[in-house]
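The block underneath contains the structure these notes are about, expressed in structure tokens.
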Amino acid sequence: ADRLLPREDPEAGGRLRAALVRDGIDVRVSVALASVEPITTGGTTGGGVALLADDTRVDFDRVLVAVGRTPRTSDLGLDLAGVALDERGFVVVDATLRTTSPRVLAAGDLTGHPALTHLAGVHGALAASNAVLGLRRTVHPVVPRVTFTQPEVASVGVGAHEVAGRRGFTVRTVEHAHVDRAIAERETDGFTRLVLDRRGRVVGATIVGPRAGESLPELVLAVRRGLRARDLAAATHAYPTYGDGPWKAALAHVQEGLHSQPLRAVTAALTRLRRLG
């Protein structure tokens, strides 16, 4: 990938990269590891040299391999049960988590859905109720995700980069330099961003900052239930908390609407009618 967190808002990845660099970390993207040459002294391996695909050599103390996981399904005999696998080895399921064998359901990472613990838990409960009770409940597409770095990156729904240039969407961003809790903790490098449709409904959100995931649940609810910015703005948020981020972003949208030309014209007309009365 050419940037950190390629599935997230590009600015979120940029803020994380800047934080890592400030911590003295050499961040490199779009590079591949060609080989590793460990250094052994007195029978003990202590670090080594990594050779990158571009012939760059990098000294290291430890190598952390984080390449994800692959499903172990090839030796389960699933084909004998009529359960199909995709080209990557994941079990093929429909929206109700039923496989190509109607009596067999699958849940969690095995299905090829995002490998998130909380989603796997939802899958398990859903698959169990569908199997035991004969229901056809489906997996809800709105799933929150949090990257537990410093700062945290939390998001749900549509990202600002996904609606860039598209009509009918508005993006509201509040820098944490304007959130008093962040100011008090000297953690002002983050931001809260809402993506709203033409009716002011929250369709996505991204938060970067300490405990960003803790501010996400109300936004998950907003996206799932089609709540509008005015609904978030009308809710009383405890002060001082990082919850001020979503609240201020929603409030900014509402306040701009109050100053729109059509609303001003209506207000002026009502004022004139009142005077005539």
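In this note's numbering, the protein residues as written are 114 to 390.
No residue lacks a Cβ here, since even glycine has one placed at the ideal position from N, Cα and C.
Here the structure is a predicted model, which means the values were calculated and not measured.
Where the alpha helix (DSSP H) containing residue i begins and where it ends
i: Val336; result: Pro330 to Arg338
i: Asp357; result: Asp357 to Leu371
i: Val205; result: No alpha helix (DSSP H) contains Val205, which DSSP labels as neither H nor E.
i: Asp344; result: Ala342 to Ala347
Buried or exposed (CB count within 10 angstroms, at least 16 for buried), residue i
i: Pro119; result: exposed
i: Arg187; result: The question names Arg, yet the displayed sequence has Ser at residue 187. So Ser187 ends up on the exposed side.
i: Pro227; result: exposed
i: Ala208; result: exposed
i: Tyr352; result: exposed
Collapsed DSSP secondary structure at residue i in the structure displayed
i: Glu150; result: strand
i: Val266; result: strand
i: Arg128; result: helix
i: Arg185; result: coil
i: Val211; result: Just to set this straight, residue 211 is Arg in the shown sequence, not Val. The answer is strand: DSSP assigns Arg211 an E or B state.
i: Leu198; result: strand
i: Leu218; result: strand
i: Leu246; result: helix
i: Glu121; result: coil
i: Thr354; result: coil
i: Arg116; result: coil
i: Arg280; result: coil
i: His291; result: helix
i: Leu392; result: Residue coverage of the chain in this structure runs from 114 to 390, which leaves residue 392 outside it and unanswerable.
i: Asp139; result: coil
i: Thr251; result: coil
i: Val144; result: coil
i: Asp192; result: helix
i: Ala240; result: helix
One or two residues paired with residue i in a DSSP bridge
i: Gly160; result: Note: Gly160 sits in no beta bridge, so no partner.
i: Ala233; result: Answer is none; Ala233 lacks a bridge partner.
i: Thr317; result: The displayed chain sequence assigns Gly, not Thr, to residue 317. Paired residues: Gly270 and Val308.
i: Asp172; result: Val162
i: Thr286; result: Arg306
i: Gly322; result: Glu265
Delimiting residues of the beta strand (DSSP E) encompassing residue i
i: Glu298; result: Per DSSP, Glu298 belongs to no beta strand (DSSP E) and is neither H nor E.
i: Arg258; result: Arg258 to Thr260
Cβ of residue i within 8 Å of any chain C Cβ
i: Arg337; result: Absent here is chain C; the protein component of the structure consists of one chain.
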